[in-house]
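Chains as they are written, first to last, in the numbering used here: chain R, 1 to 96; chain E, 101 to 196. Beta carbons are placed, not taken as given, at the ideal position from N, Cα and C, and that holds for glycine. Right, one structure below, let's go through it.
Protein chains: 2
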Amino acid sequence: MMVLITYDVNTTDKEGQKRLRRVAKKCVDYGQRVQNSVFECLLEPAQFVLLKNELESIIDTDKDSLRYYMLGANWKRRVEHVGAKETYDPEGTMVL
Amino acid sequence: MMVLITYDVNTTDKEGQKRLRRVAKKCVDYGQRVQNSVFECLLEPAQFVLLKNELESIIDTDKDSLRYYMLGANWKRRVEHVGAKETYDPEGTMVL
């Protein structure tokens, strides 16, 4: 199933910056980075459970958030992209 | 229809920072901010066309990107949120 994952990680301190890197790295392992904090991940249900557990163990739930959008079988028809190409470099220039 | 809008605006210069503010402000007019660069907008088809035109006139398509996800009628069942509450303040602390 296609799951869109978006996150906000509060990077006002070094711990937050570390969490942001860890969340991004984990998402890179499972899917395609389409924007800086937006990933599209084609996952088996068991993988999704695993990824959720991993991400939720990284974030600080008081400061950060994760959103999952189940895009369903027709996900390709649901997506439209405008502008610069997808960003793939997890450690590259911060593009918000 | 429910449209999820995500954006990356390159803020390495002042023009980019201005574009980011303008994109955020425009999205606030049409929907609910659920993360810093993620909005859920319940739109009539004509409104969606208008919003797209407005956003695409603001961004620099060489540097920035917009993605639209049509979440369909059952959008509430497609969304899962974990962690800190949705962010609503368009000018607040930058939360990535």
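Considering only residues of the same chain and omitting the five flanking positions on each side of D189 of chain E, which have a CB-CB separation below 6 Å? Summary for D189 of chain E: the model assigns pLDDT 46, below 50, so the residue's position carries little reliability; its value from the coordinates is reported in the next sentence. For D189 of chain E, where only same-chain residues beyond five positions count, there are no Cβ hits under 6 Å.
Report yes or no: is there a C-beta of chain E within less than 8 Å of the C-beta of S57 of chain R? Not an interface residue.
Can you find the residues in the same chain that come closer than 6 Å, C-beta to C-beta, to Y69 of chain R, ignoring five residues on each side of it along the sequence? Spatial neighbours of Y69 of chain R in its own chain (CB-CB distance under 6 Å, excluding positions within 5 residues in sequence) are listed in chain order as L4.
Where does the unbroken beta strand (DSSP E) through L42 of chain R begin, and where does it stop? First-last of the beta strand (DSSP E) with L42 of chain R: 38 to 42.
With burial defined as no fewer than 16 other Cβ atoms inside 10 Å of the residue's Cβ, what is the status of N110 of chain E: buried or exposed? So N110 of chain E counts as buried.
If you follow the beta strand (DSSP E) that D108 of chain E is in, where does it begin and where does it stop? Per DSSP, D108 of chain E is one residue of the beta strand (DSSP E) stretching across 102 to 108.
Taking CB distances under 8 Å as the criterion, tell me whether Y130 of chain E reaches chain R. Chain R, which has no Cβ nearer than 8 Å to the Cβ of Y130 of chain E, makes this no.
Could you have a look at V23 of chain R and say whether DSSP puts it in helix, strand or coil? In the structure shown, V23 of chain R falls within a helical segment according to DSSP collapsed to helix, strand and coil.
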